[in-house]
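Numbering (the numbering used here), first residue to last: 92 to 302.
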Amino acid sequence: MKLLAFDLSTRRGTIALANEKEILDTSDWSNDRRSSAPFFAALNNIIREHGAPETIVVGLGPGSYTGTRIAISAAIGLQATTGAALGGISSLCAISDESEFCVIGDAKRASFFFAKIRGRLLANDLELLSENEMNERISSIGTIPIYTSDDLPQFTSAKLRFPSAKLLCLQAQTFRQNLARAPLAPIYLREPHITTPRTAQNDGKTLPLLG
92 MKLLAFDLST
102 RRGTIALANE
112 KEILDTSDWS
122 NDRRSSAPFF
132 AALNNIIREH
142 GAPETIVVGL
152 GPGSYTGTRI
162 AISAAIGLQA
172 TTGAALGGIS
182 SLCAISDESE
192 FCVIGDAKRA
202 SFFFAKIRGR
212 LLANDLELLS
222 ENEMNERISS
232 IGTIPIYTSD
242 DLPQFTSAKL
252 RFPSAKLLCL
262 QAQTFRQNLA
272 RAPLAPIYLR
282 EPHITTPRTA
292 QNDGKTLPLL
302 G
């Protein structure tokens with residue numbers, strides 16, 4: 092069975108194809124969010140070389156809303172033509188294969204998100220924190236590795252790292268029961284639809300994860 096995974100949630104795009112035994116093909120590129128051409132070129136190359144997949148897995152973010160929507164739309168279109176099974180995983184779980192690590196990121200509006208991954212699964216819901224709150228959280232977690240896919244020089248202990256489609260493949264094969272199922276949607280840091288203007292009240296509050 093061939094499994095195709097890809098992620099466009101950060102400024103580095105990634106795609107991989109695997110079977111039960113090994114990674115068959117992989118590609119990473121600078122993900123210019125103004126153009127999806129490199130992604131579709133990589134996708135077409137893999138399918139032309141290896142044939143259609145039986146399963147498709149998409150990184151759901153959090154991250155670039157536009158990139159994640161493009162990835163989901165491409166997966167849905169490919170599913171329609173191939174009949175492949177479709178699932179989604181938080182992109183954060185594909186940043187490292189370590190048993191425990193944390194991921195932080197820019198949540199805009201002078202806030203940042205925090206997540207802990209344990210055993211390759213999200214150990215807590217995403218939290219939105221102020222800069223001071225984030226510094227306190229980082230100080231409290233000891234020697235656990237911290238990664239980010241954003242430029243956050245104010246948090247010096249966070250190492251820059253991006254989601255890996257190879258790790259998405261591994262996640263899908265290991266935790267198939269934990270895949271988000273259709274209809275897939277990006278993981279939002281805040282509510283995507285706001286009907287009346289209001290001041291953000293989310294700092295320090297726990298937000299539910301999709302899937």
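By construction, the Cβ of each residue, glycine as well, lies at the ideal position given by its N, Cα and C atoms.
All values derive from a computational prediction rather than experimental measurement.
One or two residues paired with Ile106 in a DSSP bridge: Phe97, Ser118
Among the candidates Glu282, Ile195, Asp241, whose CA atom is the shortest distance from the CA of Met225? Ile195
Which residue comes first and which comes last in the beta strand (DSSP E) that contains Thr239? 237-239
Should Ile163 and Val149 be called a contact, given that it needs their Cβ atoms to be closer than 7 Å? yes
Quick one: give me the first and last residue of the beta strand (DSSP E) that Ile186 is part of. Note, Ile186: premise wrong, no beta strand (DSSP E); not H, not E.
Closest to Asn135 by CA distance: which of Ile106, Glu189, Leu99, Asn223 is it? Ile106
In three-state DSSP terms, what is Glu227? helix
Close Cβ partners of Asn223 (< 6 Å) along its chain, the five nearest in sequence each way excluded: none
How long is the line joining the alpha carbons of Asp54 and Arg125, rounded to whole angstroms? Any property of residue 54 remains undetermined from this structure, which presents the chain solely from 92 to 302.
With DSSP collapsed to three states, give me the class of Arg139. helix
For Lys207, name the three-state secondary structure that DSSP assigns. strand
Does the distance from the CB of Lys207 to the CB of Cys193 come in under 7 Å? yes
Which same chain residues end up closer than 7 Å to Asp241 when comparing Cβ atoms and leaving out the 5 residues on each side of it in sequence? Gly196, Asp197
In the DSSP assignment, what residue or residues form a beta bridge with Glu191? Arg209
Sort Tyr156, Phe203, Leu151 by Cα distance to Ala271 and report the nearest one. Leu151
Would you please state the rounded distance, in angstroms, between the beta carbons of Tyr238 and Arg252? I believe it to be under 8 Å. 4 Å
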